[in-house]
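Worksheet: one structure, shown below.
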Amino acid sequence: QNGADLAIYGNPFGPPYAFAEPGIVMVSQDKNGNGLPDDEWFELAGSEYEKATTVKNYEITYTNPKAAANVAWTDNQGNSGVVNNSAKRINFYPLFASNQDKITFKGTLLPSTLSTSGIVTNAAFDWGYTDSYSTGDDYKTKLYNSFDIAWAVDGAGKKVSLSTIDFVKVFTAQNVNAGILGEISTDVKGATDLNIK
């Protein structure tokens, strides 16, 4: 159908205490028919995709602390830091990679929208990201973010045409420490196929 195909629910806050934890949405079609998400993935390009402040082909590597401790990271932009573990005393390192000393994630990085002057806020982007109180997506009315598979682009940024999708994944699109509120990390509460009547 024309228009939105997918709804994803998060828990962002709107103004005046705006707090988004934007996630980028990826989709895949089960072309080989094996029921596994092992075919090519495509990014649904949101409002920031073409902007100069967006980093394509971003890579971030986390080092396993092997405990509920800060997680050190480095990226391919020459930056380094830690995911501070003071807000939530749990092991932030991915459980599925607990036997690995390091793990690297690749994707698109959006710029920080964090403000710490007075009340801590993290502003939403206009449209195309989940867990984002987006005005261009009318989050206030719908209480979800909507996505059109016509926004799909391949790894080179070329638009692709998908008649259907079988798999969806979301990743946190900012690398930001919000101080006392902890790390910016996208929350997903559920998803709905908007084409099902």
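Mapping of the sequence shown onto my numbering: position 64 corresponds to residue 1119, and the numbering continues sequentially without gaps.
Every residue gets a Cβ at the ideal spot worked out from N, C-alpha and C, and that includes glycine.
Source: prediction; values computed, not measured.
Does the distance from the C-beta atom of residue i to that of residue j stay below 7 Å?
| i | j | result |
| --- | --- | --- |
| Ser1187 | Pro1077 | yes |
| Ser1260 | Trp1182 | This structure does not reach residue 1260, given that the chain is present from 1056 up to 1252, and the question cannot be answered. |
| Leu1249 | Ala1062 | yes |
| Ile1079 | Ala1233 | no |
| Ala1152 | Val1137 | no |
| Phe1202 | Leu1091 | no |
Apart from the five residues on each side of it in sequence, which residues of its chain come closer than 7 Å, Cβ to Cβ, to residue i?
| i | result |
| --- | --- |
| Phe1074 | Pro1067, Phe1068, Thr1176, Asn1177 |
| Ile1174 | Tyr1072 |
| Asp1094 | Ser1083, Gln1084, Asp1085, Lys1086, Asn1087 |
| Ile1146 | Checking the displayed sequence, the identity of residue 1146 turns out to be Asn instead of Ile. Ala1122, Ala1123. |
| Gly1162 | Ile1079, Tyr1113, Phe1226 |
Which residue's Cα is closest to the Cα of residue i: the options?
| i | options | result |
| --- | --- | --- |
| Ser1083 | Glu1114, Val1138, Gly1210 | Gly1210 |
| Asn1200 | Thr1159, Pro1092, Gly1065 | Gly1065 |
| Val1110 | Leu1150, Phe1097, Asn1131, Leu1099 | Asn1131 |
| Gly1133 | Asn1139, Arg1144, Tyr1113 | Tyr1113 |
| Ser1240 | Pro1070, Lys1197, Gln1155, Tyr1184 | Tyr1184 |
| Ile1235 | Tyr1104, Ser1141, Ala1059 | Ser1141 |
| Ala1246 | Gly1237, Val1223, Leu1150, Lys1214 | Val1223 |
| Val1215 | Phe1097, Gly1191, Ser1170 | Phe1097 |
| Gly1237 | Asn1057, Asn1139, Asn1154 | Asn1139 |
Please classify residue i as buried or exposed, where buried requires at least 16 neighbouring CB atoms within 10 angstroms.
| i | result |
| --- | --- |
| Pro1089 | Contrary to the premise, residue 1089 reads as Asn rather than Pro in this sequence. Burial call: exposed. |
| Thr1108 | exposed |
| Leu1277 | Residue 1277 lies beyond the residue range present for the chain, which begins at 1056 and ends at 1252; the question has no answer from this structure. |
| Asn1057 | exposed |
Below 8 Å CB to CB, which residues in the same chain sit around residue i once its five sequence neighbours on both sides are set aside?
| i | result |
| --- | --- |
| Ser1029 | Because the chain in this structure spans residues 1056 to 1252, residue 1029 falls outside the shown range and cannot be described. |
| Lys1157 | Thr1116, Tyr1117, Thr1118, Asn1119 |
| Tyr1194 | Pro1067, Gly1069, Ala1179, Ser1187, Tyr1188, Asn1200 |
Using C-beta distances below 6 Å, list every residue in its chain close to residue i, excluding the 5 sequence neighbours before and after it, in chain order.
| i | result |
| --- | --- |
| Thr1168 | Asn1177, Ala1178 |
| Phe1160 | Ile1115 |
For this session: Report the residue ranges of all beta strand (DSSP E) runs contained in full by the region 1097-1166; include only those spanning at least 3 residues, in chain order.
Result: 1110-1118, 1126-1130, 1135-1138, 1157-1164
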